[in-house]
Structures are given as C-alpha cells and as structure tokens.
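Residue numbers (the working numbering), protein chains in the order written: chain F, 2 to 627; chain H, 6 to 489; chain U, 71 to 250; chain A, 707 to 1207; chain E, 126 to 227. All residues carry an ideal CB built from backbone N, CA and C; glycine is no exception. Computed from a prediction, not measured in an experiment: that's the story for all the values here. One structure is given below, encoded as structure tokens.
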Amino acid sequence: MTGGSWLCLLAPLVGTILILLGGSWLPRVAAAWIATTSVFVAFGGAVWAFFSLRNQSGHHGEITTAWTWLQSDHFSVGLQLLVDPLSTMMMLIVAGVGGLIVLYSIGYMDGDDEERRYFAYIAFFVFSMLLLVEGGNLLMLLVGWGLVGLSSYLLIGFWHERPSAVRAAKKAFIMNAFGDATMALAFFILIAHTNSLSFGVLGAHFSSTQANLIALGLLGGAVAKSAQIPLQTWLPDAMEGPTPVSALIHAATMVTAGVYLIARTHVIFEQARTIELLAAGTGALTLLVAGLIALVQTDIKRVIAYSTMSQIGYMFVGVGVGGYANGMFHLMTHAFFKALLFMTAGLAIHALANEQDIRKMRGLGRVMPLTKWCFLAGALALVGIPPFAGFFSKDPIIASTLNIGWYGYVFYACCIVGAFLTGLYTFRLWFLVFPGEPSPFVREHYHDHHGREGAWTMLVPVGILAVLATVGGWIQFPPHWDPVTKWLAPVAPSLPNAVPSSTQETVTSIVAVLVGLAGIAVAWAVYSERKIAIPAAPSLRRLLEEKFYFDRLYDWIFYTPSAWLATALRREFEEPVVLQTGTDLGDTTLATGGLVRRLQTGLLRTYVFFIAAGAAAVVLAFLIAK
Amino acid sequence: MSASYLTSILIWLPIAGAVLIWLLPLSRYATGALALLISFAEVGFWIKQAAHFDFSQPGLQMSGQANWFGELGVSYHVGVYGFSLWLVGLTVVGMAACTGYGFWVGRDRPRAYFGLMLLLTGATVGVFEAQDLLLFYAFFEAMLIPLYILIGVWGGARRSEATIKFVIYTMAGSLIMLAAIIVYGLKAGTFDLVDGPTSASRWLFLGFMLAFVIKAPLFPFHGWLPDAYREAPPEIAAVLSGVIAKAGLYGMLRIAITKFPDPTSYYRTTVLALAAAALVYGSLLAFRAPDFRGVVAYSSLAQSGLITLGLFAGTDLGFDGAVLQMVAHGLISISLFLIAGAVERRTTTGEFRLLGGMARGRPALATLLMTVGVISLAVPGSASFAGEFLILAGVFQRHWWWAAIGAGAIVLAAMYMLRLISAVLHEARGSTVSDSALDLRPGELALVVPLVAGLLFLSAWPAGISDHSFFGPSPAAAVKSGFK
Amino acid sequence: MIVASAGNVLVWIVWFVAAFACVGSAVAVISFSNPFFSALALIGNLGSLAVMYLLLSAEFVAAAQVLVYAGAVVVMFLFVIAYVGPRKETPWSGGPSWQTFCAVAAAGALLVEIVVAVGMQASGSLSHESSVGADFGTPAWIGRVFLVDHLLAFEITSVVLLIAAVGGVILGSHTRRATT
Amino acid sequence: MTLNTPYIDWFGLSPVLTLIGTSFVALLCAVLVPRAVRRIATASVSAVGFTAGIVLAVWLYVDSANGHTIAAGAYYRDRWTSLGQIIIFGVGLATTLLAVEHVPGWRRDADASRRDDHVAEFFALLLASAAGMAFFIGAANLITLFLSLEWFSIALYVMCAIDYDLEGSLEAGLKYLVVGSFGAATLLFGSALVYGATGKVSFDGIASAISSQGLTGDTFVVVGIALMVAGLGFKMSAAPFHMWTPDVYEGAPTTVTAWMSSATKVAALLLTFRVMTTAFPDNQHLWGWAFAIIATISLAIGNFAALVQKNVKRILAYSAIAQAGFMLIGLSAGSALGGRALMYYLIPYAASAFGTFAIVAARERELGVPVTLDNLAGFGWERPFLGVAMWFFVFGFAGLPLTGGFVGKFYVFAAAYDHGWVWLVIVGVLATLVSLYYYLGIVRAMYMRPATELVIAGGSPAAERLLQIAVGAAFVVAVGSLFAAEPLITLARHAASSLPF
Amino acid sequence: MDGPSVAWYIALAAVLFGIGALGVLIRRNTLVVLLSLELMLNAGNLALIALSRHFHNGAGQIFALTVMAIAASEVCVGLGLVVALNRRNLSLDVDTLSELRG
C-alpha cells in the first residue's frame, strides 16, 4: 500500500526531473510522453494503493515516514505519506483526471515552442497535488499546498510574454500566499499547544478560542485555494493559462483542495462549529455570486471558471454542514464534468485559432458535432439533470442543509437559486455557441485537424470524460446506495444531522431538477429563440461585469496603499533620513575640520600664543584644583 | 580533541595563500587557479571538519589555544560549535563560489584581487571560530580591510562613497563594541568566550548589540547597505549579504544573547520590535526598488530582521530556525547576486525598466533565477520555508503578533520576489536585452548550480541543520548553559 | 662680601634701582622699533641682572653674565643686526586683529598667575631665610659643585655648544649662494 | 684642594657616549673624507654608531634589572631608559638608510654639485640628536632634563633647516626654533619653581621632599608642574601646544620629519612619564587629569584638522598629534599598566610613523613636488610593496588589526579603564572613528583612482633599495608587534617596573 | 641677611618672564623675537639664582650657568637662520613666513 503511495507520488517528480535534465536534447514529443506516462504510472500507483487499502480490514490506512524533515527540540515533522480512504480517493481523482488531461495537452500544446517547459511544469503540478493529498501531516500538507500554488503560478504565466498572463499568475500566487500565511498561523497555534503537527493532534482538546482561530486559519487557506469569497478574484484571471491547465488545476483538482482540507481537518472544524458554518455560508454566497457573474461573461473559459467557483461553493456548503462525503463526492463528479467542459471548450478554441469570445462562435455544433455532444453531456451533468453525474452529487448536498437549524434553510434557498442560475448560464453558453447556422467567423477560422475535430490525444480523453460525466455519478445514490460515504466513513464520517431523511432527498432532487430545467428553459427562450429580450438593467449588468467590484475593492484596499506606503517610505524616510544621516554626519565632521584648520594661521605668533595660553590655562586649572 | 588542527588551518591557510599570491610573480591564470585551488582546499578541510564533528558531544570542539598576551587574559582561542560549523561551511563554500566568479569574469589586477579574497575568507572563518573576545574583534575588523579595497577598487561608479560609508558605519559599531569588550574583559579578568562569565550590564549589552545590528544590519542602521550592495562588484555584494552580514547575527547569538541573559530579556521587546520593523520595512522597500540589486539588498535587510526575530525569541524553535535560515539565506543571496552579476554583464544594467523577457531562449538563466527566487520567497517545502516556519513558530511562543507580522511579511516577500522574477525574465523584452546576450555559460553554471543544489538538498532535509546546531534537544537550554 | 656688611637700606635701594633698570630695559627691548636699540637695551637688562646676582652673592654667575652674555651673545646679535641692516618694524602691529589682544591677555595671565603664586608662597616656604657660608658663590665653590655634583651637566653643555656651533656653521656658511 | 669627582658608570652611559663619539667621527669625515665618498662613509659611520648603540642598549637592558641613578644622580640606568633607547636607535638606523638617498639636497631642483655639501654634518647632527634623546630618556634631574632637551632640540632645529635652499625648510627651522625656545623657557621656569619649592633638582629628591614636607598642594610645586606639563607637551606635540607640528613636519626635509615624528615622540613621552611618576607621584590627581584633558584635545584637534588636509605630510602630521593623544591616554593613567601600554604602543607607532614618512619621501623624490592626495594616485599600483606597507601602516594607526597599533590602542584603553576613566575610552573610540576617514582616504588615493586620474610619475622611480629595506624593517616591526605582543609586553613590563609604582 | 626676600626676586623674575613672553607674542622682527626669548631665559636664571641663594645649594647656580650656555647656543642657531634667511633675501618679518599653514 505504501509502495503504491510512493510510486504515485514520485513518478511525476521523476518525470519532471527527466524533462528538466533532458533540456533541449530531449525531443518535444518525448517530453510530452514522459510527462503523460509518469502521470499514468502515478495513477497505477494510486490504484495499487486503493486496492491494497480495500483489502485492509477496516481500511484505516497507514502512515509511512521517509525521514525526519524538520526537527527542533521535541517538535519533529517527518516526510510522511498517509494512505487512507480520503487520500486514495483524491489520489485516484488527481492522477486519473490528471493523466487524461496531460494526454489531452499533448495535442493541445503541439507546436508551442516551449512544450518541454510546459510538460515539466504540469508533471510537477501533479506531483505537488499528490503531495498535498497524500501528505501525512499538516506540514506536508502545507508543503504540497504551497507547491501547487507555485506550479499554478508557473502554468498560468506559461505564456510569459503576455503581461496579462504574468499579472494573473502573480495575483494567483499572492492570494494563495495569503492563504498559506493564515494556515501557517493556525499551525503555530497548534505547535504552541501540542508541539506537533500530526493530523492526530487536531483531536486534542482546545479552548473554544484556540479552536476557532485554528479553524479560521485553515479556512483562510481553503478559501484562498478554492477561490471562494472573499479571495475568489484570482480564478477568472487564471484563465490566461493554457486551457488544459484550466481544466486540470482550475477545475478538476487544485481549486477543490479547499474542500479536501476541510474534510481532512474536520475534527477541528467540529470543535469550532461556527467556523465550519462560516465555511458553508461562504460557499453559499459564492455559488450565488459566481452564478450571477457567469451570466454576463463573454469569454467561454471565464464562464466555465465562474461555474467552477459556484460548484465549489456547493462543495463548501456540503462539507460546511458536515456532509463530508457529499462534498467529496461532488468534488469527484465535478472533476469529471468540469474537466470535460474545459476540454471541449479547448477543442473549440483550438479549432478557432485561440478565439475565446462566445459571441463569435454561433453554430459551432454544425462543424464540430462530437464536441457539441460531449459538451452537452458535461453541461447536463453540471446542471444536475439525471442521469448525469452532477445530479447524484449535488442534490444530497442541498438536502443535507435541512436539518441544521434556521440558517440551513438559507443555505437551501441559495443552493436552489444557484441551481437555477447554473441551468441558465450553462445553457446560455450552449445556445450561444453550438446550435444554429455557423457564424461567418466560424466559417472563416474553423480548421480541422486531419479531418478530425482534434488530435486523437485530445479526443480520447474527452470521450472518456464524457462517459465518466454521464455515468460517474451512479456509484452513489443516497440514501439507498452510498459506497462513497461508507468508504470515507473511517476518516470523515458525516455528522448525523447532515444526513437527510429520504423524503428530504427525494423532494430536494425533484425541486432541484425542476429549477435546473427552468433555468435551461429560460436560457432557451432568451438566447436561442430570442422570445424574451435580454433584460436591460444596465446598472445591474455593469455590476455583474465588474464582478461586484471585488478587484477594484482589493486594489483600493490592499495594493494601492502598500505601494503608496513603500514609495512614501523610500521618498520620505529611506532617502532623506536613513541614507542621508551618515552623509550629513560626515559633512558636519568635515566642516568642523575646516574650523580647526582655520586656527592654523601659519603665523608664528599664533603658535606661541597657543602655547602661552595653554600654559596659562593649565596653571590656572592647577591653582584652582590643587 | 583530534583534528583540532583543522580549525586553525581553515583560518590561516587562505591568509598564507594570500601572502603567497602577493609574493609570487604568477601569471593571471596561475594566480586565479591558485586562489581557486585554495578555496576548494578550504571546502575540503571544512568537510573533513564536519566529518570529525561529534554532534552528540556538548561544548566546544576541535579547539586550539595559544597565548597572545596573557596578562590581560587574552589568548588565541579557536574552536567550533554546531552552529558555527555550519556558518564556517557557508563561508568557505560561498567564498569559493565568489572567488570562482572573480576568476570567471577575469578581474584585472588579479594578484591583488585574489589575495584580498583569500584574506577575506580567512578573516571571516576566524570570526566564526574565534572563542576569545579580542580575537573575535580582531577578525571582525579584519574582514573590513579587504572588503574596503575590494569594493573601492573593483566596484561601480560611485564605489568610493559607498565603500567609505560602509567601512565607517561598520567601524562606528565595532569600535563601541571594542569599548564594551575592554570593559567586559577587564571586569571579568578574562576575554575568553568559553570561560567568561555572564554579565548583567545593560550598557555592555548595548555596546555589543550596536556593532551587530549595524553589521547585520537591522532597521534603521542599514544606511550603508543599499549603496554598498549596489556599488560593490556582484561577487563582493554576494559575500557581503550572504556571509559577512551573518557575522553580525552570529555575534548576537554567540555573545549578546549568551553572555548577557538579563539584558537580553530586558531589551527583548525592543530588539524584536526593531527586527520586525526591519522585516516589514525591508520588504516594502524591496517591493518598490527599481533594480535587481536593490530588491536583493532590501530583502536581505528583511531577512536579517527575520533571523533576529528568531534569535531573540529565545525559544528552541527560534534558535534552530535562525541558524537554518542564516545558512539558507546565505546561499540564496550569494546565488542571487551572482545571477544579478550575470544579468548585468549581459545587459550592462540591473534596472528593471530596461530589463525583461530574458526567459525566452535562456532556459538555464530562467530556471536558475526562478528556482532561487521561489526558494527565497520561502515557497513551502524550501529550506528557507523551513527556516522561516521554525522562526515564526518560535517567536509565536513569545507573542502571537510577532508571528503575525512575520506572516504578513512573507506575503510581501512573495510580492517583491515575483516582481523581480517577472521584471527580469518575463513580459516584453527589455531595451537592453539583445540576442547577443547569451544564456548562462558553463563557467557561470558551474558556480551557481552547486549553490542551488545545496539549497535543494537543504530543502529536502532541513533537519540536517536545524537538528544539528546545538547540543541536546533544547537549544534554549544550550544557550543558557553557555554551550558548556 | 660687600653687600653683607652694608646696611639694609642700601640693599633695598640698590635692589629697587636694579629692579627698575631691569624692568625698564626689558620693556625697552620689546618696544624699540629698531632691533639695534633693542639689543642695546638687552645689555642694560643683563647688567642690572648681574647686579641682582651680586646681591644674591653669586659673584661667579654675575661675572659670567657680564662676560658671556653682554660680552659675547649680544655682540653676536649686534654683528648680525649690522649684517642684515636695520629693518624697522613697529610693535603691536600686523597679524590678525585678535592676535595682539590675545597675546597681551595670555602673557598677562601667565604673569599674574605666577606673581599670585609667589605672593601665596611669600608667607610660606620662602619666608624663612637660611644663612650662607663665606664661600657661597665663589668660583672655587662653583667649580667644586660643578665637577662633583653636576659633572655630567658640565659635559653636556659642551656638547650642546658644539652642536650649536656646527649648526651655526651650516646655516651661516655660504660657499655658494643659493640659486633658487 | 682635592676634588673627589664622582664615580662615573661609563658602561651605563655607553650608548649615549657611542653616539656622541660616532657623531664626532662623522663631523671629522666632513673635512677628512673626499666629497665623492663622503655620503656613503658618514652614512656607514652613523649606521655603525646606531647598531653599536642598539647592541649596548640591549646589553644594558639585560644587565640593569634593578634600575638606579648613575653619575651623581644625573642619569638613570634602568630598563625604561634602555628600551626607549633601543626604539630610538632602531628608528635612527632606519633614518640613516633613508637619509643616504634622500638628504640633504636630493630634491630635483637642487644642483648635483651642492648635493653633498652638508651630508656629513647631517649625519653628525642625526647621531647627536639621537644621543640627546637617549640621554633625555635617562635624565634624572631637572638640569640634565633641560640640557638634554635643548641638546636634541637644537640639533633638530638645524636638521629642519638643512635644506636651506627651500624657504619652507628655513621657515620650518625658524618656527621650530622660536616656538621650541619658548617652550623650553616655560619648562625652565617651571623647573625653577619646582626647585624653589623643594630645593632639590633630582627627581627622587623632589618626590621625597614633596611627600616628607607635605608640599603636595604647594603653590610653587603646582605651578611648576603646570609649566613643565606645558613645556613637555610641546615636545610631544600635544594640543594645544601642537601648532608648530604640521608646519614643521611639512617644511622639514621628509627624512627629518620621519625622524622627528617617531623618535622625538618616543623620547618626550617616555621622559614625561618618568618625570611625572618619579618626581610628582603625589600630584597625580593634577597631572593625570591634565594629560587626560590634553589627550582629549589632541585627539579632537588632530583628527578633525587632518580630515580636511590635502598634503599628505600634513595629514600625517595631524595624525601624529592624534596619536600623541592616544599615547597620552596611557600616560595619564599613570599606572604600571599605563606605562606598559605607553611603552608597547610606541614600538609599532615609531615603526609606522617612520614608515609612512619614508614612503612619502619616496613618492616626493619621484615627483619632485610635495605629495598630495591627488598626486598619490596610482602609487599603490606602481610601487606594490610601498603601497601595501602604506596601507598596513595607516590602518594600523586607525587601530585595525594589521599592526601592533591594534593591541596598542587596546592597551591604552585598558589602562584608562583600569584607572576608572571609561569616558576616556569612549573619547578614544570616537576619535578613532573620525580618524578612519582620512586614513581610508590615503589608501583610497593610492588605489582607487580610476586610471585616467593617475598622474604620470616623473621618470622611472629610483630603485631606492635602502629605502625599501628601511620600510621593510619598519613593516616587519609594525606587523610583528601584533603577533609578538606577548614578548614585547613582557619587555615593557620589566621596563615599567623600574619606575616607582 | 636682611633686605628683599627671595619672593621679591622671583616676582621680578616673573615680571621679566611675562615681558619676554609678550615680546615674543607681539613682535614680528625675528631678531627682536630672539631677544625676547633671551629675556625669558634670564627670568628663569634670576629665579634659579635667587632660590639657590635661598636654599644655599649650588644646583640653582649651576643650572643658571648651563642655561646661559644653552641660551648662547640657541642664539647661535637662531642667528644662523636669520643670516640664511637674509641671504635668500627673505624678509625677517615672521608674519611673512607663513608659506606653511592650514
């Protein structure tokens, strides 16, 4: 089992190093295939770990330590891996979906003159992500946490001639650094009180304040990583990266790490119930806001990005109310269909010479049927229409909010509205892009790939994911059939009041589906048939297009003041005071020297006078002092 | 103890080498080669020393003592502790790299240059090994002399002001320290650091600290820093921030904190405040600095602040983290300055507005700068992350807000380091970046790659230092006992 | 021992006359604008000092004073003055304005301080007198003291004089006139 | 009548006598030896004289474990004297080497024919002044003190003026003479007053008289000490009696400056320390403070004035004033430790002072014009050895651990602290800080001017082997004294132990 | 003996000393300066002799005699300088001898 985990972790790292050392001697294709194989090997390792864990009685998992990574006094942190149901599940998702996406990017990145760098980065990302999910203690988790941030930075800024890309990359990294910082602070509290960072210590007893602070710190990290309000603004900009990157990092895996974190550290959250509900609240808020903003986006990838935010909002609600299994399950299905959506979008973009504006893409379905149908599958899964995956994973989350008190109903309402918005913006996208006669732009720019809609390396993963997005949800249909929940039970048992009664389940499912369909219908009416005019409401539209002014707000609160402060310090303090003081002192000294020098008149009599005066002074002093 | 001769060899071999170089009429290449050879020999001897060092053994090791002038209890007394061992290692490795750089760029007047570099090596090693206050002071001062000439002769356009400023600033501190040393030593009847008693005098403590905070430097005593780092030749700037600055921090640990426990606790808050100020202030200025070296310079100001936080936290984690961070930051800033030198050689400038887009077609440069950059911004998993994590965890136990400030500063660090990286490597190609500006040459790689490799090794196993700096489980206890 | 036998009054009168002459000539030395006169005034000063020495029953010194000083030194002065020709220069002039004032202040201060000291002392150790033997101050006595108690001083003096002579030769000799 | 002349310990006086003798020989050479070989002949005579002096002084040092006065209480035969003499003769030997090529009249503009006019006299005077200083250190009563002071002073007046083609040289000579005589007169009157209070001229006699008759507060004693402090302070060029120093050092031939700046200070400081501790131990509360204040003033004036100088000889002159201040710190402590500190400090100081001026002399000869910071540019690269020696010397002055100056500073500070004068330590430290600027400035001038600024040195520098040897010797002494601190301090301790503590 | 006590003589010496010093301080003519120096030395002599009389020991007189010799030597060198200056047609005004200053 541990062998599997190590294999899973190290394979991508080896891949990275090979590509790095290979440098320019390595043919591009070779680099690509090294990365791909390494990730698939990792998947193999994950599978190995999974099965060996299944055969373990009660599959509680086990921890392996390579060596002591950091040690001081009695505080000691090993380079540890943990194999338990939660981590294996994540390993499977990350390595599996990751493998498909890397394969996809072989076709997608073909011809880019820095392919090697790309594949090195992406393999490195998979490694970091696996370290994150496999990390056997909080510090290892933080390490992985930071490294995914780093590789996300590298990949967003992959096309580094684009200032926008570089800016987006920096933004993403810094916001995540903020999250890392809050997590670190939480860890400091843990160290101060338990002198350890193993997952076990979370169970220790803390005063409510400590527990709240720790949980808050962790939540800060989770929010930053998962682009939830208030740290959500980096995700849309991150779409500057290559599409496979968006699919892998900003849809399937990294951004959902926040959910994993909460599930992993649920013990402390349960000690700090307020914070946990705060997480749920954040999720609820985000899913609404994101859904609204998605309505007005014109960049195909940004629409999907906002939907990602909103879906993660669902997951937060899920884990926030204590239904960890629900959250994780939605995480999995979401990985399937969101990756699918991004990759189909990628096909479209690829085929249209990197055009991303949906207003130009009308009628694409005519020329790209396969893409069209795959996208449709993903869309339906996203909206949660049975029998697609989203249906099975989203509804339990919504239902689970019903038993936790009055705010539960608020969450419920949000989720339902969110479902409607999901239907609306998803099919707005669909109707704008695929049906109907191809627009002139499409006719002009569409170029197929040897008569196919894309290289086989791109089509195969899309196909596989389409299937998964369709059937991937069937492995759990609460309350009647819930292997995932059972599987996770040893690690993250759902709170009792997060388990809805079957009636609640059924009702919720029906309502959600109907609302979703309603959303689709409206979208059809507005964007396909043009029966209803798009509501004008310019101020509202502007508000949405400005993404509720979050960016401007942060710019105004954080960046501008710090930049101003720095400049002011340099102008007003550093240069005039710190740097000048020494010089001034020196000048004063020299001036004094000039004065002394003036005494040296060169006149003999002056010299004699000084001797006489000196003698007189000494005599006087002595007469007085004697 | 066996192998105690190594301590003295490490000090005197390079000095002897310097004299040799000055005496022998060697050719340019012979000179450089000889100097390089000696630096490598230093590294070799250090490895041997580290191999002989017994971490399970308390107290001073491989010590050697000889009479200097006994009537006042002053002697030539050298030896190493765990932490000094690491700093010596940092010195010899860093100096080897920088000497190599000097050789690679072919400094003119090679005999003077290499002689001085070796002299500097010996003096710096001496600082970390001296166990007698006056000897410590002697080496502490001796470091200045070669630095003065190295910067003044081979430095940039405004070198002359910069170097005078640097020397006088530093001397201002260390002369006050001399007064403190005299008072302490005569009161105690010995100048020996090992046998010397602890003192409760606040004035003496301040006298020592002044020297160290200027050397380190700490806000607001860093007036010499920007000019010196900008005007010095890159390899000297590297030595300055990577190695020499550590002497000040080492002094805090070995003398100020160890010998003055009561004043330390009395002034703890003050020093911590200064350190925090240095951390934030340095980070902010680095964030707006207009050039490569400016960023690195102010970032090392910030780093000094951070390390001081760790030292004056007075907690186990703080001490371990501080030592680890000293080494890590040493390697980082040496590499960064050498890379800065490489960039300046290719573009004739370090100004960001004239740079940019160097990543395209220069994979080696891009990879190295990126690697060092992200390590220096303490991306989790890196050696500096380990160091900063320990430091902040340690100072957190003193009071939470120090750690909060530190965490904030780490975000700032990310901001300025990413700014540096993208300003040099990314976005539109700068006006001074021409195609003739090639990628790093093998020679440069041979200098920087080992340093980076060392950093990566430390990143993989920071415990190697953090757990092997002080005897026994608890550094705080070791410090309290005066490393007996 | 002329003076000893004479009465106090006479002694006092002589002393005052000598002292007056002494101070007067000293003032004259420093205030004549013509160095020639200054030199002459110095002779007067030396003479009056010689009288003082006699009053102090230091015959030998008095003699030496007259011979060496008035005879040799001052004459040397006069020669040089004659050689370089008369150069007039008014006292109290030249130099920075504060110069003269400070000069007077300093010299005055010294003078006053010492006189005060003497005054404070007059009642002290200086008040009691010690009677002198008959041979006090005679050449024979001097010679004995010189050769017994202060032999080395005697020798050194000769060395110094020699050095001075050499110096005088070096500086004064002009085998060739300097071309610069 | 019979004179029972006192027993003269000729051996005790031998170093002085040797020098007087060789001085006469040199004088004879002036008339007997043909001009062609006169320079080398007299130089070798002088070298022999100094060497013999050193040998004898060493012998005496070994032989005079317990010091006592000789020649009817005129002269001290003890280790204090001998060690001081060793230092002085060492400098003298070096000066001889230097002088062979540089004095007198070896300037560019002097015509070759007149070059050797006064070379013999010069060496004679050099030896004579050395003898005077040697005796001065050992002087045991006020008379010999005054006499030997004038002895070497007069010799120095002449030496300063020996380049009498130069107005500067004459001016220096005259200024030195007048100011010196004024100082001497002051000293004389002071001695008279002391004599007036105690009726004694010998130091120990004075001390015993003061203590036995309780004259500690006696007006004459006090005023006398004050005037003597002034007179001696003049000799060691301590502020405010220093004014003559820069002018004379600049005007005098550089060789003479080298000799004065090192040897004279040695003599003056050692003798002052002896007089004060031997004759006036009970008045230390007065002269101790006086010298402490004078030290402070000297440090301030010397360092500040040096900051703004351009002429290197003047810079060094002011630095000499400041250095006197440092040594006065040790002197003012008036303790055994202070004596050790003073004696030790003088060794590297004398070497460095001589060395620096010798190097200036080399440059001066090269350029034919006074050496300024500007035309020093590039010197370090043209004459590597001299350059390195120069920065060792000046950094040593600054108290950086390159020469014994480091240990010396440490020692005088230690003495001050030991005496309870922490403030004086602080003063010294700050003074050192100020001094750094111009010491660094010299090195900067030698090495750090861009090539465009380099002046074209006139012609190719002469080989000047003797000068190189002299500087090399000074270099060895200066640097060696850092490492050989222990033995030297032991010597100093024995020397100081012969003073009454 | 009776008559003026030593104090009178020393006071007189002090006055002489002061006058001499004043002379050195205010006169610019080298020769007069040298003369003033003689005055100062003589002041010292007077004090010495008075005191030697007072203590009835010879030291003072010996001292005085040697001082005379010294004075003579100083004058000798001093005049030598004067002659040298004069030969170079330099002014004997000490104020003009200020080539060296600063």
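For F:Gly603, the nearest beta carbon of chain E is closer than 9 Å to its own beta carbon. The DSSP assignment places complete alpha helix (DSSP H) segments of no fewer than 4 residues inside the segment 139-188 of chain E at 155-180, in order along the chain. Here F:Thr37 really is in contact with F:Ile107; their C-beta atoms are around 6 Å apart, less than 8 Å.
Burial check for H:Asn72: the Cβ neighbour count within 10 Å stays below 16, so the residue is exposed.
No Cβ-Cβ contact shorter than 9 Å links H:Ala242 with H:Lys220. H:Tyr81 sits in a strand when the DSSP states are folded into three classes. With a cutoff of 9 Å on beta-carbon distance, A:Phe895 and E:Gly148 are scored as not near each other. Pairwise C-beta distances place the segment 305-322 of chain H out of contact with the segment 440-454 of chain H, as fewer than three of them are shorter than 8 Å. For H:Asn72, the pairing in a beta bridge is given by DSSP as H:Ser80. Taking C-beta atoms as the reference points, F:Val84 and F:Gly5 count as a pair closer than 9 Å. C-alpha of U:Val186 to C-alpha of A:Trp1127: approximately 33 Å in a straight line. Among the residues of the segment 128-162 of chain U, none has a Cβ less than 9 Å away from any Cβ of chain A. E:Ile144 has a beta carbon lying at 9 Å or more from every beta carbon in chain F. Approximately 11 Å separates the beta-carbon atoms of A:Ala936 and F:Ala622; this is outside 8 Å, ruling out the contact.
For F:Phe76, the enclosing beta strand (DSSP E) covers residues 76-84. About 5 Å separates the beta carbon of H:Ala371 from that of H:Leu430, a gap short enough to meet the 8 Å contact definition. Secondary structure at F:Trp70: strand, using DSSP grouped into helix, strand and coil. For U:Val186, a Cβ of chain F is located within less than 9 Å of the residue's own Cβ. Under the Cβ criterion (8 Å, minimum of three pairs), the segment 388-403 of chain H does not count as touching the segment 353-369 of chain H.
Contact residues of the segment 990-1002 of chain A toward chain U are absent (C-beta to C-beta distance below 7 Å). Of the candidates H:Ala281, H:Met257, H:Phe488, the residue whose Cα lies closest to the Cα of H:His404 is H:Ala281. At a cut-off of 4 residues, the continuous stretches assigned as alpha helix (DSSP H) that sit fully inside the segment 895-962 of chain A are 909-918, 925-941, 950-957. Contact annotation: F:Phe338 and F:Phe389 have beta-carbon atoms nearer than 9 Å. Secondary-structure assignment with DSSP links F:Arg444 through no beta bridge to anything. Think of a sphere of 8 Å around the beta carbon of E:Val192: the chain A residues whose beta carbon falls inside it are Phe852, Leu894, in chain order. A:Gly1105 has its alpha-carbon roughly 14 Å from the corresponding atom of A:Phe1189. If the five residues before and after F:Lys532 are omitted, its C-beta is found closer than 6 Å to the C-beta atoms of Ala526, all from its own chain and listed in chain order.
Secondary-structure assignment with DSSP links F:Arg453 through a beta bridge to F:His450. Collapsing the DSSP output to three states places H:Ile260 in a helix. In chain order, Leu142, Gly145 place their CB closer than 6 Å to the CB of F:Gly136, counting only its own chain and leaving out the 5 sequence neighbours on each side. Residue-level contact check: U:Trp168 does not touch chain E, since none of the beta carbons of chain E fall below 9 Å from its beta carbon.
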